[in-house]
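J.: So that we are looking at the same thing, I have put the structure below in structure tokens.
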Amino acid sequence: MSAHRRTFSRGLSALSAGLPLSRPGIPSPGGSAPFLGAPIAGNPRRIQAKPLRRSLRICLIEGIFAEVVTACAGGAVLTGWALHLGCKALVIGLIASLPQIAQLVQLPAAWTTALLGHRRACLWLVGLSRQALLPMIALPFLPVPDPVKQALLVTVALSSAVLGVLGNNAWVAWMGELVPRRIRGRYFGRRTGLCMLGGAVASAAAGAVLDHAHGRDRVGLTLAGLALVACAAGAVTTWLMRQQHDPAAGAPRAPFDLRQALRPFGDPSAQGLLRYQLVWNFAVGLAGSFFSLHMLKNLGMGFTLVAIYGAATAALRMVTAPLWGRLIDRFGARPVLVFCSFSVSVIPLFWLLPTRSVLWPVALDALFSGPLWGGHGLAVFALPLAIAPRDGRPWYLAAFAAVGGITFSVATVLAGALAQQLPHTFSIAGHTFWNLQVLFVASSIARLGAAGFALRIVEPSARPVTELVRALPAALLPSHAGSGPRRPVPVHPRDVT
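Right under this line is the structure:
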């Protein structure tokens, strides 16, 4: 396999297992803190081909059902819940940032996986995270005041998010043992593409159903129905995961070592990336949780259009992944991170252009944010792999995720409080603006400042950013665009070690 294909394979595997892909209903890929899961393990083990093939097929199907859970109970649908219950901007921002707040349990997640074993921890924690949504089925019909319903919504969403982080850590470690290294990139690349397709269809269907219910004043009943579908799909995913075998059954459990957990914070080689994650996620958090709210409430786009926007962004992100993989292989992850960080800083300003009658700038945002966030995601995954020592890699990735999640959450709460203090609309030089657009401008300025911290990251053997910029025009030409998606390669006995 050529060098650029190896890079692409690692990138697709990273995007599918360790990074939150831009999903339909999530308006900003950067709205999620990186490294929701532990790194893929690399211990070679001999696995029989027949049970391996069966497990890989089941894992693919499980991923599609997992996207149904997300489509029916996450992203824009969760924002729809908040709007239906009368939540204010601060609470809506808090609910949207719960996946980032949940990153606080990254270090306990790594320990839990090591203590219980990845398969056992995954089955229980992922299963519980998807059944934690059960109270939402009854939520619209409870005879309690709206503030109580809002508190229950936050509690349920937070419980699901925390359990999801704990379980995802175990799932990635499990997949690292299950999927052989030689086919890992190809397999997860295929799985990711099919899951994104299934997620796009499910999100569009959920959006259409909600838009139809809104016209008939049946939003509460429809939201409860979507929660029921999410729980049912979640139960199917748990059953499917139980059908997959554990190639590392009986492996010794690793004891918790506090020194290992704190090691990344004292490592000079990791501190540059930690500082970048700290300031970058704060800057993104100022706006990242409010794009769905802006599209639904201010622009009146409806859930269907929001789902289509998310699907287009995700598709562009995946289409451009081969390009970024080759560039990272040639120039290093640092210059790609620097270029994408400064470029992404401009994107929030696009949201000053759309109005209820002029929505085409939203397509402009998708056109640029999909590719740029794709490059950013690949680079921010590759850098820790180049920096962190292999024996402490789970703790390094957990540290990066925890730092990013904390600052994103703090920024979201502050931004929500600011939005509530501002008038809903105001005029400047005869132009009317919404309060959330103030957050978009603030995020753009903060991102520009945070991007400067990427320049301070040290990556061995990385080439200058200027060389990357000069090479980009040639890399974008069709003749350099790559050979397109690769056909899936069947598992061969020699590949299962």
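Sequence positions in the sequence shown follow the working numbering and run 114 to 610.
C-beta: ideal position from N, C-alpha, C; glycine also.
Can you tell me whether V459 is buried or exposed? The criterion is at least 16 other CB atoms within 10 Å of its CB, across all chains shown.
T.: Exposed, because fewer than 16 other Cβ atoms sit within 10 Å of the Cβ of V459.
J.: The alpha helix (DSSP H) with H544 in it runs from where to where?
T.: No alpha helix (DSSP H) holds H544; the beta strand (DSSP E) holding it covers H544 to W547.
J.: Output the distance between the C-alpha atoms of Y422 and G199, rounded to the nearest integer angstrom.
T.: 25 angstroms
J.: Considering Cα atoms alone, identify which of P484, R388 and R233 is closest to L429.
T.: P484
J.: Find out if the Cβ-Cβ distance for the pair L399, A559 is shorter than 7 angstroms.
T.: Taking the C-beta atoms as reference points, A559 is found nearer than 7 angstroms to L399.
J.: Have a look at S482, V349, L462 and A313 and flag the residue whose alpha-carbon is nearest the alpha-carbon of G552.
T.: Residue 552 is actually Leu in this sequence, not Gly. Of the candidates S482, V349, L462 and A313, the one whose C-alpha sits nearest the C-alpha of L552 is L462.
J.: For the pair the region 345-353 and the region 441-455, tell me if three or more CB-CB distances fall below 8 angstroms.
T.: no
J.: List the endpoints of the continuous alpha helix (DSSP H) containing F416.
T.: G415 to V432
J.: Let me confirm a value: W486 is counted as buried when at least 16 other C-beta atoms fall within 10 Å, else exposed. Which label applies?
T.: buried
J.: Decide yes or no for the touch test of the region 263-276 against the region 370-379: beta carbon pairs closer than 8 angstroms, at least 3 of them.
T.: no
J.: Taking buried to mean at least 16 other C-beta atoms within 10 Å of its own C-beta, is R170 buried or exposed?
T.: Looking at its Cβ environment, which holds fewer than 16 other Cβ atoms inside 10 Å, R170 is exposed.
J.: Relative to the C-alpha of M431, which residue among E290, R443, G385 and L491 is closest?
T.: L491
J.: Using a Cβ-Cβ cutoff of less than 6 angstroms, which residues in the same chain neighbour I214 once the five nearest sequence positions on both sides are dropped?
T.: S522
J.: Within the continuous alpha helix (DSSP H) that includes T468, where are the two ends?
T.: According to the DSSP assignment, T468 belongs to no alpha helix (DSSP H), since it is labelled neither H nor E.
J.: Between T183, F254 and N281, which has its C-alpha nearest A342's C-alpha?
T.: Looking at the sequence provided, one finds Val at residue 342 rather than Ala. Of the candidates T183, F254 and N281, the one whose C-alpha sits nearest the C-alpha of V342 is T183.
J.: Are the region 272-292 and the region 388-399 touching, with three or more C-beta to C-beta distances below 8 angstroms?
T.: no
J.: Under a three-way DSSP split, which group does F403 fall into?
T.: coil
J.: If you draw a straight line from the C-alpha of Q244 to the C-alpha of F444, how long is it?
T.: 44 angstroms
J.: So what does I541 bridge to, in DSSP terms?
T.: DSSP, once it has assigned bridges, lists H544 as partnering I541.
J.: Would you call Q357 buried or exposed, if buried means 16 or more other Cβ atoms sit within 10 Å of its Cβ?
T.: buried
J.: Grab the span of the alpha helix (DSSP H) containing H231 for me, first residue to last.
T.: Following the DSSP letters along the chain, one finds H231 inside the alpha helix (DSSP H) bounded by residues H231 to Q244.
J.: Give me, in chain order, the residues of the same chain whose beta-carbon lies closer than 8 angstroms to that of L191; leave out the 5 immediate sequence neighbours on both sides.
T.: Cβ within range, chain order: I208, A209 and A270.
J.: Keeping to the same chain, check which residues put their C-beta closer than 6 angstroms to that of F148; ignore five residues upstream and five downstream.
T.: The pLDDT assigned to F148 is 33, lower than 50, so where the model puts this residue is not dependable, and the model offers no usable value.
J.: Given 8 angstroms as the limit, is there contact between the region 300-310 and the region 402-419, that is, 3 or more CB pairs closer than that?
T.: no
J.: Return the CA-CA distance between L480 and L255, expressed in angstroms with no decimal places.
T.: 42 angstroms
J.: In this structure, does DSSP put I570 in helix, strand or coil?
T.: coil
J.: Using the Cα positions of L128 and D324, report the straight-line distance between them to the nearest angstrom.
T.: Unreliable placement is indicated for L128, whose pLDDT of 39 sits below 50; the coordinate value is still reported in the next sentence. Between L128 and D324, the C-alpha separation is close to 31 angstroms.
J.: Would P212 be called buried (16 or more neighbouring beta carbons within 10 Å of its own) or exposed?
T.: buried
J.: Between the C-alpha atoms of P152 and K410, what's the straight-line distance to the nearest angstrom?
T.: Since pLDDT at P152 reaches only 40, below the 50 mark, its modelled position is unreliable, and the value read off the structure follows with that caveat. The straight-line gap from Cα to Cα measures roughly 38 angstroms.
J.: Any idea if I541 is buried or exposed, counting beta-carbon neighbours within 10 angstroms, 16 or more meaning buried?
T.: I541 counts as exposed, since fewer than 16 other C-beta atoms from the protein chains shown sit within 10 angstroms of its C-beta.
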